[in-house]
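Note sheet for the following structure.
In the numbering used here, the protein residues as written are 444 to 780.
Below you can see the structure in the form of structure tokens.
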């Protein structure tokens, strides 16, 4: 959703459009800003921000920074704070480099070569310094430079130097025309500045992910964080701390950890309490080793959000858990795996 300047001024709802349409219709100034708007949307949703509580608001003219031609804020609705700015995306154009170049005297341009050289027709205005110098003395060089950039008439050219206007007769310069081979051009790079408020992003992701429901007659507090950003991605439990169940669970934890999965072993308390503890910190999956594991080498995987469980071969955990975390397979599909 794009809350444009005109929609704010008219008190209308945000516009929903693709980035392609937004750029083509002039809603967003260029593709570079649109890219960062789309990327920011993708990042925020991926960390757990509710997309129905997310919008991009365009800065009004009186709040936009002097260096920016366009600026958009990613705003997220918080039940506690209302609409909160968490990301700013500004198109600073070439303001920074042009300012550096002006104060340092150094070139800040980049040469962009063409695929093929181009022949262009050039017109060059060359001052007759033998006459211009004695007539204008110390200002002759500045007048010659201004003359080279001027558009002279039939009888002469008018130029301004240091706030003074001068008329240069046509007999004091020559106009030369010819073709020149151009192999590229010097351009002043523009800067797109995305600024991310990481602490705010974390807060709204936690707020949007928090939920309460009822399981087995009890209130369950759950943090529905996306698996990719959960601090613990899978918990591993032995049903009992005996009969080798705990040893198998510990070995599963070690193997998953070696495969860069954030796994946590937990054998404290009843199995139901362990599930609740992991739900509260956002752990999306829990693996339980029970007595059936000793018989057929299978374990149960529990899904945090649905609380459903399914048995899978223990040897396939290293494939199944990463696939679940990356979203390459849905938990509901595990029964068919």
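Glycine included, C-beta positions come from ideal geometry on N, C-alpha and C.
Asked                                                                                                  : Found
Continuous alpha helix (DSSP H) stretch holding residue 607: start and end                             : Where residue 607 is concerned, there is no enclosing alpha helix (DSSP H), although the beta strand (DSSP E) it sits in stretches over 607-612.
Secondary structure of residue 508, DSSP reduced to three states                                       : coil
Residue 656 in three-state terms, based on DSSP                                                        : strand
Whole-angstrom C-beta distance between residue 681 and residue 656, which should lie under 8 Å         : Actually they do not touch by this definition, with Cβ atoms about 27 Å apart.
Under 8 Å between C-beta atoms of residue 476 and residue 532                                          : yes
Which of helix, strand or coil DSSP assigns to residue 746                                             : strand
Alpha helix (DSSP H) segment containing residue 599, residue limits                                    : It is not in any alpha helix (DSSP H) - residue 599 instead sits in the beta strand (DSSP E) that spans 599-604.
Host beta strand (DSSP E) of residue 638 (start-end)                                                   : 635-639
C-alpha distance - residue 521 paired with residue 647, whole-angstrom precision                       : 7 Å
Reference residue 631; option with closest CA among 736, 685 and 544                                   : 544
Identified DSSP bridge partners for residue 708                                                        : 679
Nearest-angstrom Cα separation, counted from residue 677 out to residue 734                            : 20 Å
Integer-rounded CB distance, given that residue 777 should sit under 8 Å from residue 742              : About 12 Å separates the two Cβ atoms, so there is no contact after all.
Buried or exposed (CB count within 10 angstroms, at least 16 for buried), residue 707                  : buried
Of the residues 633, 448, 639 and 624, the one placed nearest residue 559, counting alpha carbons only : 624
Continuous beta strand (DSSP E) stretch holding residue 530: start and end                             : 525-534
Test item: CB-CB of residue 662 and residue 679 under 8 Å                                              : no
Beta-carbon separation (whole angstroms), residue 530 vs residue 639, contact threshold 8 Å            : 5 Å
Residue interval of the beta strand (DSSP E) (run including residue 471)                               : From DSSP, residue 471 is part of no beta strand (DSSP E); its letter is neither H nor E.
Stretch pair the stretch 602-615 + the stretch 585-592: three plus CB contacts closer than 8 Å         : yes
Beta-carbon gap between residue 654 and residue 643 smaller than 8 Å                                   : no
Under 8 Å between C-beta atoms of residue 792 and residue 510                                          : Coverage of the chain is limited to positions 444 through 780, which leaves residue 792 absent and any answer about it impossible.
Sufficient close CB pairs (3 or more, under 8 Å) joining the stretch 490-504 to the stretch 612-629    : no
In DSSP terms, what residue 541 is bridged to                                                          : Paired residue(s): none; residue 541 is not in a bridge.
Contacting residues, own chain, Cβ-Cβ under 6 Å from residue 622 (five flanking each side not counted) : 562 and 564
Per-residue DSSP class, three states only, for residue 618                                             : strand
Per DSSP, cross-strand counterpart(s) of residue 627                                                   : 556
CB contact check: residue 615 to chain D, cutoff 8 Å                                                   : This model lacks chain D altogether, as it is built from one protein chain only.
DSSP three-state assignment for residue 518, whether helix, strand or coil                             : strand
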